[in-house]
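Protein chains in written order, with my numbering: chain A, 1249 to 1762; chain B, 1249 to 1762.
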């Protein structure tokens, strides 16, 4: 059937989508979600159809993705016909039935995800089925490989290549800003790519961006690494595993994360990592709640690494409260810089040198933690950080005070004496986000009381920082409702943790950071 | 934040969707699938956001659903802010985790489905989770009630109200066109609503439409039923269970049908049915494959009926081949009319009187099948059918030959002697659809050989009818590839059913008819 093109002047978010009116769709025997093959001159595209009640007859609406591909404009005549659904859709349906997927089938699915041949409905069903049924290690390996192979690779002519990754989940985790310079100062290569925040108040890329540019091209990254052994860049524009970026769009509203392992490890594969330490923050307020869960996840990372030719070790870390005393991009960058310069909180220093120590021992050094501490203490790590900042285009003389934080600030004090019994990661993250983080980089929370601290009536619990008065106000309102820090004279004085007076919606926290 | 409206001149298929450019979304801290509250003058709407890379800054794209609701046009300034996701989304997420859903939670989900507050991604996840985890009878009951309550009802001042429904799955099933007149001729009320084909070559509404109009309003239906005791109308426009129409859009591409029971029974509830016979065609080529499955499904229908105050009995029927000899709307209507006039195939007559007999016995008559046969033999059923046709606006004198079938026809013969060992429902349905059914009503297949028939070389196996030569050709090409009728001299001469030379995609048949 020949139809006249009506270009819509917007993108469909990457997918090839075409619109048909009800009558035209019915004549073609086509329903919403069916595929349509569209031919124009010597070009051809397959689009997923949305049927729209009022769309004019014998017209074909096309989003920009399709009109660009076919080079069609208003009233151009295209020839359309029903197209079979892609073979990969059958494997999506097989996964709903809990059938195991073979490597070739997973390859097809990932190829069609990247080429946008599967609709959001089909992706949602696939990810939901994976979330429910779980994945076998064969499937995880195949997904990791397929996701890396359909993206670009970073080829560095160096070996070994070290890397670090956190499965995410606690606010204020600025470990990488210390660990990367330590490893690079020890003479090893560590081309660290990071994400921006998705559900959290700050991702590593957001933090580093207050020190220097992070959106570097592959060529620029190579130059920085060749000069300094390391880098700290935003991975988003590199398309290391483009399928994952598409999956995240669907996982996010559903608050599911079935792809944790392949998502992380495909990117490690794409940058050619040979030795990776995986940080698994564990605790009530973290993504991983118990040591048992953490151990299982660690085993999976290690086995997957072996299959992919990457040596992996894991560090299970204390995740019951934020790391250090700051949450929010600029506040965290200040704290990281201050710590690498010899000050800063002990927990951050401890965690960074522990994980760096594991990496150093993995490549054959002895007493890695001690070496890492030495690199920190001697100022070599700081010097290396400044080299990296300079190589990425930042100011190597940057001082803590140069990092701008929000000039709207309010202090939250306590009205009782007592000991800090809990610090709620999720509540503090919410307050920092309400204050404007991560987009407003100067916004966030500075914690003055942490687990085990004794406070007196009138002492400061935390400060809220914001760049705008309205954000500060709404963050303070939220803070007043949440009580993110729990105090008691003695634990035995406060046994009731919460009271549930009637049925209520329990909004579960969800962390999606990679 | 204030944004300028850019109306898109198309519908989003019912949902409230708004488009934001990347930069504007980022400033608002909003991701794709987040909700945006949009205020204009005294009107307010919540829309689901799609983030589109190239969309202009500080503009808000809105599909017709949103622009109509807010009465906004180009460059109108609206105030937008982040809106929490609806509470029902948390119950969708709970179902992914296999938590049981309470009645109040299901009510909220169905309300938000009908009001389009859940996105396609969220609906796909919900239906996939239901397909995988299954539903408890409490959940099925709550879904059935909620789906009926969110739609319109047909209130007839009569009792009892009888109905019949098939779970679907075999081609050529024109039973209702005989059963409805039989029941109505017996003096009982049977306001039958039917669907059009979704995945099959003909739905009952498609068949009846070749006899008389089927798109009647609720008032017209009442008039027809008051005049004749019965009707045979298209249920689609009545909005008896609008949630189901939305679910079907998502189930269709995924080839899943977790809502079978609530979908059917919500509509029975909405028309006030008191006695329902459910036909469960069973066999290799049907939706339900084994008698065990059929029995389990029957038990569920009966229990659900009890909970909803509807008496249900089920008929498990032979489903290994098409019913009668015709497939396709007009060919089937011809066969139904011919059968009610005293001719026609025995299997159709047998099935219609058996199911009608069950219904008659359910309302207290004895020897129901015999009574049904008597109404058929005496011509009273035919007379009633003609009354219904007239009341719905058709020609009551309609003759078999008046029903127009396709004038393009080709005959498929056999090149061997033998007995019919199998008749493939799915293949025959595919051929009828390739010939143009259900949209081209005269297209379809006429079967001349059925199970157990002995044929000789040169005998006709089936005819293909089409309205257009191109469709006939492609249907014949398909028929030549499929071999829908399996012959053998003796069964023991043909033990190999199929040969699988290498791995291939097994496209599973999927029936979605309600």
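Note that CB positions come from ideal geometry on N, CA and C, so glycine has one too.
These figures come from a predicted structure and were not determined experimentally.
Considering only heavy atoms of the ligand HEM, does any lie closer than 7 Å to the CB of residue i?
i	result
residue 1458 of chain A	No copy of the ligand HEM occurs in the structure displayed, which carries no ligand at all.
Would you kindly report the start and end of the unbroken beta strand (DSSP E) that includes residue i?
i	result
residue 1298 of chain B	1291-1300
residue 1712 of chain A	1708-1714
residue 1269 of chain A	1265-1269
residue 1566 of chain A	1559-1566
residue 1414 of chain A	1410-1414
residue 1315 of chain B	Residue 1315 of chain B -> not in any beta strand (DSSP E); alpha helix (DSSP H) instead, spanning 1312-1318.
residue 1523 of chain B	1523-1530
residue 1481 of chain B	1478-1482
residue 1332 of chain A	Note, residue 1332 of chain A: premise wrong, no beta strand (DSSP E); not H, not E.
Tell me which residues share the same chain as residue i and place their Cβ nearer than 8 Å to its Cβ, disregarding the 5 neighbours each side in the sequence.
i	result
residue 1476 of chain A	1432, 1632, 1635, 1636 and 1639
residue 1276 of chain B	1249, 1268, 1284, 1328, 1329 and 1330
Leaving out five residues before and five after residue i in sequence, what residues of the same chain have Cβ atoms less than 6 Å from its Cβ?
i	result
residue 1462 of chain A	1453, 1456, 1481 and 1482
residue 1336 of chain A	1356, 1357 and 1360
residue 1430 of chain A	1604, 1620, 1623 and 1629
residue 1423 of chain A	1599 and 1600
residue 1770 of chain A	Residue 1770 of chain A lies beyond the stretch modelled for chain A, which goes from 1249 to 1762, so this question has no answer here.
residue 1428 of chain A	1438, 1440, 1478 and 1480
residue 1656 of chain A	1714, 1717 and 1720
Beta-carbon of residue i versus every beta-carbon of chain B: anything under 8 Å?
i	result
residue 1441 of chain A	no
residue 1380 of chain A	yes
residue 1448 of chain A	no
residue 1671 of chain A	no
residue 1320 of chain A	no
Assuming residue i and residue j are in contact, meaning their beta carbons sit under 8 Å apart, how far apart are those beta carbons, in whole angstroms?
i	j	result
residue 1442 of chain A	residue 1527 of chain A	No, residue 1442 of chain A and residue 1527 of chain A are not in contact; Cβ-Cβ is about 13 Å, not under 8 Å.
residue 1273 of chain A	residue 1295 of chain A	Actually they do not touch by this definition, with Cβ atoms about 13 Å apart.
residue 1518 of chain B	residue 1488 of chain B	4 Å
residue 1685 of chain A	residue 1450 of chain A	6 Å
residue 1216 of chain B	residue 1735 of chain B	Because chain B here runs from 1249 to 1762, residue 1216 of chain B falls outside it and cannot be looked at.
residue 1564 of chain B	residue 1542 of chain B	4 Å
residue 1690 of chain A	residue 1653 of chain A	4 Å
Measure from the C-beta of residue i to each C-beta in chain A and report whether the shortest distance is under 8 Å.
i	result
residue 1732 of chain B	no
residue 1717 of chain B	no
residue 1372 of chain B	yes
residue 1769 of chain B	It is not possible to answer for residue 1769 of chain B, since the shown part of chain B is limited to 1249 through 1762.
residue 1277 of chain B	yes
residue 1437 of chain B	no
residue 1712 of chain B	no
residue 1454 of chain B	no
residue 1501 of chain B	yes
residue 1495 of chain B	no
residue 1256 of chain B	yes
residue 1491 of chain B	no
Considering residue i, what are the terminal residues of the alpha helix (DSSP H) in which it resides?
i	result
residue 1605 of chain A	1594-1610
residue 1501 of chain B	1490-1502
residue 1509 of chain B	1508-1518
residue 1376 of chain A	1368-1381
residue 1695 of chain B	No alpha helix (DSSP H) contains residue 1695 of chain B, which is instead part of the beta strand (DSSP E) from 1692-1695.
residue 1737 of chain A	Careful: residue 1737 of chain A lies outside any alpha helix (DSSP H) and carries neither H nor E.
residue 1616 of chain B	1616-1625
residue 1666 of chain A	Premise fails: residue 1666 of chain A lies in the beta strand (DSSP E), 1666-1671, not in any alpha helix (DSSP H).
residue 1390 of chain B	1385-1397
residue 1254 of chain A	Looking at the DSSP string, residue 1254 of chain A is not in any alpha helix (DSSP H); the run it does join, the beta strand (DSSP E), is 1250-1255.
Please return the same chain residues whose Cβ sits closer than 7 Å to the Cβ of residue i, not counting the five positions on each side in sequence.
i	result
residue 1580 of chain A	1420, 1422, 1450, 1455 and 1574
residue 1705 of chain A	1662, 1663, 1664 and 1665
residue 1368 of chain A	1498
Report task. Would you check if there are 3 or more beta carbon pairs closer than 8 Å linking the stretch 1710-1722 of chain B to the stretch 1392-1408 of chain B? Result -> no
Query - Inter-stretch contact at 8 Å, needing at least 3 Cβ pairs: the stretch 1336-1347 of chain B / the stretch 1309-1325 of chain B - result: no
Take every Cβ of the stretch 1654-1663 of chain A, pair it with every Cβ of the stretch 1499-1507 of chain A, and state whether three or more of those distances are shorter than 8 Å.
no
| request: Decide if the stretch 1687-1701 of chain B is in contact with the stretch 1565-1580 of chain B; the criterion is three or more beta carbon pairs, one per stretch, under 8 Å apart. | output: yes
*Meets three-Cβ-pair contact criterion under 8 Å: the stretch 1368-1377 of chain B and the stretch 1534-1544 of chain B*: no
If we count Cβ pairs, one from each stretch, closer than 8 Å, do we get three or more for the stretch 1383-1402 of chain A versus the stretch 1382-1395 of chain B?
-> no
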